[in-house]
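Chains as they are written, first to last, in the UniProt record's numbering: chain A, 1 to 377; chain B, 1 to 377. For each residue, glycine too, the CB sits at the ideal point set by N, CA and C. These numbers come from a predicted model, not from an experiment. Worksheet: one structure, shown below.
2 protein chains.
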Amino acid sequence: MISLSQVPTPACIIDFDIFKRNCQRMLAVAESEQIVLRPHVKTLKSLQAAKYYAPSSMPVTVSTLAEARYFASAGYTDILYAVGIAPNKLNQLDAILRLAADFTVIADSLAAVNTLIDFAPQYSQSLAVMLEVDVDDHRAGLLPESDELIACARAIQNASNLRFRGVMTHAGGSYDCLDSSARQAMAKQECERISAAAGQLARHGIQCDIVSAGSTPTALAGVSHQGITELRAGVYATFDCVMAGLGVCQVTDIAMSVLTCVIGHQRSKNWVIVDAGWMALSRDQGTAGHHTDCGYGLVCDINGQVLDGWYVKATNQEHGIICHRDNIEPPEALFSYGQVLRILPVHACATAAQYQQYHVVDDTLTVSQQWSRISGW
Amino acid sequence: MISLSQVPTPACIIDFDIFKRNCQRMLAVAESEQIVLRPHVKTLKSLQAAKYYAPSSMPVTVSTLAEARYFASAGYTDILYAVGIAPNKLNQLDAILRLAADFTVIADSLAAVNTLIDFAPQYSQSLAVMLEVDVDDHRAGLLPESDELIACARAIQNASNLRFRGVMTHAGGSYDCLDSSARQAMAKQECERISAAAGQLARHGIQCDIVSAGSTPTALAGVSHQGITELRAGVYATFDCVMAGLGVCQVTDIAMSVLTCVIGHQRSKNWVIVDAGWMALSRDQGTAGHHTDCGYGLVCDINGQVLDGWYVKATNQEHGIICHRDNIEPPEALFSYGQVLRILPVHACATAAQYQQYHVVDDTLTVSQQWSRISGW
Numbered sequence: 001m002i003s004l005s006q007v008p009t010p011a012c013i014i015d016f017d018i019f020k021r022n023c024q025r026m027l028a029v030a031e032s033e034q035i036v037l038r039p040h041v042k043t044l045k046s047l048q049a050a051k052y053y054a055p056s057s058m059p060v061t062v063s064t065l066a067e068a069r070y071f072a073s074a075g076y077t078d079i080l081y082a083v084g085i086a087p088n089k090l091n092q093l094d095a096i097l098r099l100a101a102d103f104t105v106i107a108d109s110l111a112a113v114n115t116l117i118d119f120a121p122q123y124s125q126s127l128a129v130m131l132e133v134d135v136d137d138h139r140a141g142l143l144p145e146s147d148e149l150i151a152c153a154r155a156i157q158n159a160s161n162l163r164f165r166g167v168m169t170h171a172g173g174s175y176d177c178l179d180s181s182a183r184q185a186m187a188k189q190e191c192e193r194i195s196a197a198a199g200q201l202a203r204h205g206i207q208c209d210i211v212s213a214g215s216t217p218t219a220l221a222g223v224s225h226q227g228i229t230e231l232r233a234g235v236y237a238t239f240d241c242v243m244a245g246l247g248v249c250q251v252t253d254i255a256m257s258v259l260t261c262v263i264g265h266q267r268s269k270n271w272v273i274v275d276a277g278w279m280a281l282s283r284d285q286g287t288a289g290h291h292t293d294c295g296y297g298l299v300c301d302i303n304g305q306v307l308d309g310w311y312v313k314a315t316n317q318e319h320g321i322i323c324h325r326d327n328i329e330p331p332e333a334l335f336s337y338g339q340v341l342r343i344l345p346v347h348a349c350a351t352a353a354q355y356q357q358y359h360v361v362d363d364t365l366t367v368s369q370q371w372s373r374i375s376g377w
Numbered sequence: 001m002i003s004l005s006q007v008p009t010p011a012c013i014i015d016f017d018i019f020k021r022n023c024q025r026m027l028a029v030a031e032s033e034q035i036v037l038r039p040h041v042k043t044l045k046s047l048q049a050a051k052y053y054a055p056s057s058m059p060v061t062v063s064t065l066a067e068a069r070y071f072a073s074a075g076y077t078d079i080l081y082a083v084g085i086a087p088n089k090l091n092q093l094d095a096i097l098r099l100a101a102d103f104t105v106i107a108d109s110l111a112a113v114n115t116l117i118d119f120a121p122q123y124s125q126s127l128a129v130m131l132e133v134d135v136d137d138h139r140a141g142l143l144p145e146s147d148e149l150i151a152c153a154r155a156i157q158n159a160s161n162l163r164f165r166g167v168m169t170h171a172g173g174s175y176d177c178l179d180s181s182a183r184q185a186m187a188k189q190e191c192e193r194i195s196a197a198a199g200q201l202a203r204h205g206i207q208c209d210i211v212s213a214g215s216t217p218t219a220l221a222g223v224s225h226q227g228i229t230e231l232r233a234g235v236y237a238t239f240d241c242v243m244a245g246l247g248v249c250q251v252t253d254i255a256m257s258v259l260t261c262v263i264g265h266q267r268s269k270n271w272v273i274v275d276a277g278w279m280a281l282s283r284d285q286g287t288a289g290h291h292t293d294c295g296y297g298l299v300c301d302i303n304g305q306v307l308d309g310w311y312v313k314a315t316n317q318e319h320g321i322i323c324h325r326d327n328i329e330p331p332e333a334l335f336s337y338g339q340v341l342r343i344l345p346v347h348a349c350a351t352a353a354q355y356q357q358y359h360v361v362d363d364t365l366t367v368s369q370q371w372s373r374i375s376g377w
């Protein structure tokens, strides 16, 4: 076990206590509503991390087939691949199905459904399918009222070797809700619209076993999630500056940080230069439209204490430039050459993607665990 | 050997003929000026790729110690680590030095130099050091006229187990030069300012064996690079939409693309949804300030022919949204469900970072090679 100050920079750090508290918060929401929680594992993509928020007894959501294989190999059986299936991936599914009987793909068009129908007879067992519904004009999905939704569900039900499981949606528009009343309205809209889709199917004699919705902002909006059977969310396990900016969490709830080291200064410009550029932090600037723009991340000392007003204003591949919002001179005590700092990520999913492992620290700043991560597709 | 149409999406594709032509273009510049070329390998980070633009007989530039170890292990001996050295990395250098005698670090402050002086006696052989100079107010480096530059060079020369090699700079400001006359002016400024630093040192009796400068825009600005001994550049091997936007290359010179598949549509909005989101393309939006904003990339058919006006307007983690600049309806012949497309990256260094390997295609769209990549730090 080594101390955080001995870890070569840059490195991706998980604060274990905060992480566990975040996991617990979402579990408590699902428990209090007596609703199934299907965590999205796309942020950390780590079995060691998932143990704490999505053990293999729980259903999970994945964003790639690489994640599906990785979690299926570890004993997860109910895995929802929540990206519209591409025809060129169909020949990879049987290997996953043999490990995870409830592996489920999504589709949002008759074209996709017909492609599945054509391919499904090649599978060793039936492939579960859910239909993606658009509840907020944000991304993919069929409208709840559309005739194509009924036609797709019918076609799946009638197909050989396909199994219709229900409907799902992701209210990605919730990332644009800048206050809590907007988030609550979006959470209600998400539930109303996805349950409208299930209702529409029911009126045509088609039963949805699963009515699935969720995003971290809507799951934690503080409203009752009526009309859905399961809740999906992912980034809550670590949170990030985007979530803090939306008011979903506090900055002190952010469990991920990038360890970095001061490598230089431009004193005439009040710049501190660190060895965490966009390769270490990601290019995500998701707080640009927020009340407070965090640039490429908020600066903390090695203990994780936020250094008020200091943020990563600019990045190159391996350089970050730290400035104060009021352009004050960087105090030598905080920012001398060689000083180790921690940067709270703007978007945890994007930052985590830049690493092959995470260093997990306890409250004594000792690296108590190293968690590995799966990448690629 | 498989055809491009059989490669699971998303995937990072290198067009071999264009790549070789780009490599040749930079070699020709260096040859015609009789100047040493020290390619930056940070874009592709691949030995198989480097064979074509930076064989082990050539000096190279790296952006991480992981790259340094990888190239040193393959027989490269003159490796410049072009990021200011952090104290916590000093204990990793001896292993590299044992493989690569001319492994070189950079510093731009007395604080950094003094840290090197303190640590250097632990190395099995002398460590080469160059001083970083700021020529364009862009990032790190000492000013050519600064007393600290002289003091740093003197301290290195007098230190035990350190070897002073010269001065280096990177005119990153060239990425903001939106026309060729601005680029030419920046290229001249870069050479004048770095040679001013070398001249200032010479006047104090300190000789620079290497006077190193470069960026792809300034290296290819079409000016004579007077006063420098070596040219550094990296992204030219593949180019990208940023480089095309600056006029450094044509869009048809971009050798990298992301293979992706149409997974859906939102027909009322004229959207095509593909399975390349920011995880596959990166979050880089480096053409946002250009004459033409390419969003997250320009859309080509599977043959690599640019589909005029079509670009990736928005991304989520695994979804890209393709639109036409004039918001026209996507023709079914180009964008039907399952259609395979190629996206030209906005910033090749950021896009390549999202992959563990590259699929190299020849002019028959056959995958003739797969190149691996080193990641991390």
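What B:Glu318 touches in chain A, judged by beta-carbon distance under 9 Å, is Lys42, Ser63, Thr64, Ala82, Val83 and Trp377, going in chain order. Counting other Cβ atoms within 10 Å of its Cβ, B:Asp308 stays below 16 and is therefore classed as exposed. Residue-level contact check: B:Tyr76 does not touch chain A, since none of the beta carbons of chain A fall below 8 Å from its beta carbon. For A:Gly338, same chain residues with a beta-carbon under 7 Å away, outside a window of 5 residues either side, are Cys261 and Val262 in chain order. If one requires a minimum length of 3 residues, the beta strand (DSSP E) runs lying completely within the stretch 145-218 of chain A are 162-168 and 210-213, in chain order. In chain order, Ile273 place their CB closer than 6 Å to the CB of A:Gly264, counting only its own chain and leaving out the 5 sequence neighbours on each side.
With its beta carbon at least 8 Å from every one in chain A, B:Ala237 lies outside the interface. One alpha carbon belongs to B:Leu365, the other to B:Asp301, and they sit about 12 Å apart. In the displayed model, A:Glu318 falls within coil according to three-state DSSP, outside both helix and strand. For A:Ser195, no chain B residue has a C-beta closer than 7 Å to its own C-beta; the minimum C-beta separation is roughly 21 Å.
Using a Cβ distance threshold of 8 Å, B:Arg373 and B:Gln357 count as a contacting pair. Taken in chain order, the complete beta strand (DSSP E) segments of 3 or more residues contained in the UniProt domain "D-serine dehydratase-like" (255-362) of chain A are 256-266, 271-274, 298-301, 306-315, 320-324, 340-344 and 357-361. By a beta-carbon distance limit of 8 Å, B:Leu65 contacts B:Lys89. Their separation comes to about 6 Å. Beta-carbon to beta-carbon, A:Met279 and A:Gln354 are separated by about 6 Å, close enough to satisfy the 8 Å threshold. For A:Gly297, no CB of chain B lies under 8 Å from its own CB, so it is not counted at the interface with that chain. The beta carbon of B:Lys313 does not come within 8 Å of any beta carbon belonging to chain A, so the residue lies off that interface. With the rule of 3 Cβ pairs closer than 8 Å, the stretch 187-204 of chain A counts as touching the stretch 212-230 of chain A. Going by DSSP, B:Ser73 is part of the alpha helix (DSSP H) stretching over Leu65 to Ser73. One finds nothing in chain A with a Cβ atom closer than 9 Å to the Cβ of B:Ala50; even the nearest lies about 17 Å away. A Cβ of chain A is located within less than 8 Å of the beta carbon of B:Lys89. Interface with chain B (8 Å Cβ-Cβ cutoff): A:Cys349 is included. For A:Met26, no pairing in a beta bridge is given by DSSP. Cβ atoms of B:Gly297 and B:Val258 come within 8 Å of each other, at about 7 Å. The continuous beta strand (DSSP E) containing A:Cys12 extends over residues Ala11 to Asp15. The beta carbon of B:Ser73 sits closer than 8 Å to the beta carbons of Leu99 from its chain, once the five residues preceding and following it are set aside; these are given in chain order. The CB of B:Ile273 comes closer than 8 Å to the CB of Gly84, Arg139 and Ala140 in chain A, given here in chain order. In summary, B:His347 is buried, with 16 or more beta-carbon neighbours lying within 10 Å of its beta-carbon over all protein chains present. DSSP places B:Ala112 in the uninterrupted alpha helix (DSSP H) bounded by Leu110 to Phe119. One Cα belongs to B:Ser195, the other to B:His324, and the distance between them is close to 47 Å. Residue environment for B:Glu132: buried (at least 16 other C-beta atoms within 10 angstroms of its C-beta). Annotation for B:Tyr70: Ile374 place their beta carbon closer than 6 Å to its own, counting only its chain and skipping 5 residues before and after. Shown here, A:Arg98 sits in a helix according to DSSP, grouped into three states.
A straight line joining the alpha-carbon of B:Leu80 with that of A:Ala288 spans about 35 Å. Rounded to whole angstroms, the gap between the alpha carbons of A:Phe16 and A:Gln24 is 12 Å. Counting only Cβ-Cβ distances below 8 Å, B:Gln92 has contacts in chain A at Pro8, in chain order.
B:Ser46 carries a coil assignment under DSSP once its states are collapsed to helix, strand and coil.
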